[in-house]
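2 protein chains.
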Amino acid sequence: MARTKQDEPNTHRTMHVVNHIRSLIENGTLQPGDKIPPEREFARTLKISRASLRTGIGYLAAMGVMKIRHGVGTFVADGPPEFGKASLSLMGALHGFQSWQMFEARIILESHLAALAAERGKEEHHAALAEEVAEMFASINNPSDYLIHDLLFHRIISQASGNPILAALIETITSALYDKRRKTVERSTDLRESAEMHREIYRAIRARRPMEARKLMEQHLRMAQAAQGMERPTAADRKAQNGAAKGKQARLAGVAS
Amino acid sequence: MARTKQDEPNTHRTMHVVNHIRSLIENGTLQPGDKIPPEREFARTLKISRASLRTGIGYLAAMGVMKIRHGVGTFVADGPPEFGKASLSLMGALHGFQSWQMFEARIILESHLAALAAERGKEEHHAALAEEVAEMFASINNPSDYLIHDLLFHRIISQASGNPILAALIETITSALYDKRRKTVERSTDLRESAEMHREIYRAIRARRPMEARKLMEQHLRMAQAAQGMERPTAADRKAQNGAAKGKQARLAGVAS
DNA sequence: CCCGGAACAGAGGTCAGACCAGAAGAAGTA
DNA sequence: TACTTCTTCTGGTCTGACCTCTGTTCCGGG
């Protein structure tokens with residue numbers, strides 16, 4: 338069986354729609370932000386029923402490629418690339434993702450991103466980062482404002498990394514983590530320290546010191562993780578709350594078996 | 338209003354279906370591989386039209402949470418976690434992802450994964466890895482067989498890392514890269530060297546030497562990347578082909594129409 | 001008794017057209 | 001001029017009929 342599992346000849350119409358729109362995007366006819374024709378008209382054009390067209394559009398919308406606005410129209414997504422919003426959360430429910438795992442993924446990706454940003458970042462990125470750091474210091478007493486600039490800071494680093502795929506990955510994870518972060522920030526009492534760390538990261542990036550940026554980012558995120566109590570549970574933790582998980586230890590903490 | 342902030346009031350029914358199935362999964366009523374009721378019956382149960390139900394199911398299917406088999410039924414996905422298959426490819430078309438970027442993402446993720454596998458891998462993983470290495474050596478003269486074991490080897494490392502999220506990320510990228518890899522392997526003349534590298538990686542993981550595993554994996558992937566001519570273009574390269582800026586071609590491998 | 005093809009039933013896929021609901025802009029009114 | 005209402009465009013939902021694919025059952029010929 339050389340072929341991939343399933344070349345699905347079924348769902349013809351749906352894939353027909355998907356491929357059609359895909360080609361429109363590839364040849365530049367459709368660009369981010371553009372509006373596609375009304376369903377009734379588009380369906381007539383493609384010679385398929387409106388229902389089938391909607392199935393295809395729904396598929397694209399689910400993956401974040403298109404954005405549907407009731408009463409207005411359907412558009413090609415234009416924000417930062419990101420996989421389906423509910424995607425991670427759904428898969429989490431299905432495969433039992435844990436918070437610490439999301440955070441671990443984030444730390445790995447984002448610290449590398451910081452290093453890449455230090456290597457490849459341009460002046461515009463440096464300026465934007467400086468701007469956000471300043472805003473952070475300015476909103477130290479306003480947690481929700483602070484969080485916004487925090488998010489922007491990290492997003493700019495993603496862009497500065499020059500790798501939109503990694504940026505999309507991070508974006509996906511971050512958006513799934515957003516709710517929790519907000520709660521944490523609300524009760525956070527020392528945003529100054531956090532702002533300082535961001536500033537240091539910014540400086541490392543601006544000075545083009547990848548290793549340093551990477552290290553600082555990692556340190557920053559680990560601290561954030563700790564603040565939210567999302568560390569990887571130790572063997573002891575799990576034993577305490579899990580009775581007997583057969584053969585499921587693999588501890589790191591070094592607690593005696 | 339126990340729900341999340343930005344609940345889109347539109348797409349009511351769709352989200353209703355999604356959330357319903359989601360809760361069925363979360364409370365264990367539905368597990369990977371399970372079949373959901375026939376559309377007509379399920380629609381009656383939820384008191385919505387079959388069309389709306391299908392929209393919701395389509396949404397879940399697009400994200401890889403459900404798998405639909407024409408003439409048979411609809412099931413909860415059971416394979417390795419992965420985001421929507423066409424997802425990356427579609428987003429690539431939209432945001433102009435480049436092959437070297439996918440590879441860069443893969444290198445970063447997978448080398449860390451190797452390190453984690455070295456830290457957390459269990460006996461069963463070690464055994465499975467050894468098995469695949471052996472198979473690789475056995476199929477040195479059969480490229481397509483070799484590729485299968487190569488894929489399995491990397492997938493086992495993903496599992497051994499103990500972080501299903503990172504595994505899902507890798508799986509997504511890898512599947513998008515699959516077509517290209519197949520072509521490359523077909524004309525590859527020296528699979529022995531590749532097999533040797535896999536063996537070394539395996540040894541490092543088994544010996545629980547994270548740093549070494551990470552380094553070897555990175556080295557291995559960079560070599561693979563070079564073999565496929567997917568390095569990051571240099572400034573000179575870009576200048577050479579940058580004449581027609583708008584013409585966007587040569588994106589990631591997608592499903593042939 | 002075994003085998004292969006026909007028929008069947010169950011499940012998803014598509015279609016048609018009518019009607020519901022949100023949003024934006026035009027038209028009317030104070 | 002500024003506010004309100006109405007029209008119209010766009011997506012959302014419903015209904016119920018019919019098509020296609022798949023797996024299973026059944027039956028006749030070898």
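Top line first, the protein sequences correspond to chains A and B.
Going by the numbering used here, the first sequence opens with residue 338, and the numbers climb by one from there.
Going by the numbering used here, the second sequence opens with residue 338, and the numbers climb by one from there.
C-beta: ideal position from N, C-alpha, C; glycine also.
Keep in mind the model is a prediction, meaning the values are calculated, not measured.
- Chain B places a beta carbon closer than 7 Å to that of A/VAL402, counting this residue as a contact.
- Between the alpha carbons of A/HIS357 and A/LYS384 lies a gap of roughly 12 Å.
- The beta carbon of B/LEU558 is closer than 8 Å to those of PHE440, ARG443, ILE444, GLU447, SER448 in its chain, skipping five residues each way along the sequence.
- Inter-segment contact for the segment 460 to 479 of chain A and the segment 536 to 543 of chain A is present: three or more beta-carbon pairs are separated by less than 8 Å.
- In terms of CA proximity to B/SER531, B/HIS486 leads the group B/ALA505, B/HIS486, B/ILE542.
- A/ILE477 carries a coil assignment under DSSP once its states are collapsed to helix, strand and coil.
- Burial of A/VAL413 is indicated by the presence of at least 16 other C-beta atoms within 10 angstroms of its C-beta.
- Measuring C-alpha to C-alpha distances from A/LEU450 to each of A/GLU555, A/SER426, A/ALA563 identifies A/GLU555 as the nearest.
- Under the 8 Å Cβ criterion, the segment 409 to 428 of chain B counts as touching the segment 363 to 371 of chain B, having at least three qualifying pairs.
- When C-alpha distances from A/GLY499 are compared across B/ARG391, B/GLY433, B/GLU378, B/SER426, the shortest belongs to B/GLY433.
- Of A/GLU508, A/TYR396, A/ALA380, A/ALA454, the smallest CA-CA separation from A/PRO418 is found for A/GLU508.
- Residue environment analysis places B/MET428 among the buried positions, since at least 16 neighbouring C-beta atoms fall within 10 angstroms of its C-beta.
- Listed along chain B, no residue sits closer than 9 Å to A/GLY458 by beta-carbon distance, the nearest being about 16 Å off.
- For A/ARG359, the neighbours in chain B by C-beta distance under 7 Å run, in chain order, LEU427, ALA430.
- Residue-level contact by beta carbon fails for A/ILE373 and chain B, as no gap is shorter than 7 Å.
- Counting of Cβ neighbours within 10 angstroms places B/VAL402 among the buried residues, the total reaching 16 or more.
- Within the same chain, Cβ atoms closer than 8 Å to the Cβ of B/ARG546 are found at ALA455, the five residues on either side in sequence being excluded.
- A/MET352 counts as buried, since no fewer than 16 other beta carbons sit within 10 angstroms of its beta carbon.
- Rounded to the nearest whole angstrom, the C-alpha separation of A/GLU549 and A/HIS462 is 18 Å.
- Beta-bridge partners of A/MET403 (DSSP): A/VAL413.
- Annotation: A/PRO501 to B/LEU431 spans about 11 Å, alpha carbon to alpha carbon.
- In the three-state reduction of the DSSP assignment, A/LYS384 falls in the coil class.
- For A/LYS372, the beta-bridge partners assigned by DSSP are A/PHE412.
- Counting other Cβ atoms within 10 Å of its Cβ, A/ARG377 stays below 16 and is therefore classed as exposed.
- Shown here for A/THR392: same chain residues with a beta carbon closer than 6 Å to its own, the five before and five after excluded, namely THR351 in chain order.
- By the CB criterion at 7 Å, A/ALA497 and A/GLY458 fall inside the cutoff.
- DSSP places B/LEU450 in the helix class (H, G or I) of the three-state scheme.
- Secondary structure of A/ASP482 (DSSP, three-state): helix.
- In its chain, beyond the 5 residues on either side, ALA380 have a beta carbon closer than 7 Å to the beta carbon of A/SER386.
- With its beta carbon less than 7 Å from one in chain A, B/MET439 belongs to the interface.
- Under the Cβ distance rule, A/THR392 counts among the residues neighbouring chain B, one pair being separated by less than 7 Å.
- The beta carbon of B/PRO374 sits closer than 8 Å to the beta carbons of THR382 from its chain, once the five residues preceding and following it are set aside; these are given in chain order.
- Within chain B, the residues placing a beta-carbon under 8 Å from that of A/GLY421 are ALA399, MET400, PHE420, GLY421, SER424, ordered along the chain.
- C-alpha of B/ILE542 to C-alpha of B/ALA452: approximately 7 Å in a straight line.
- Secondary structure of B/ASP527 (DSSP, three-state): coil.
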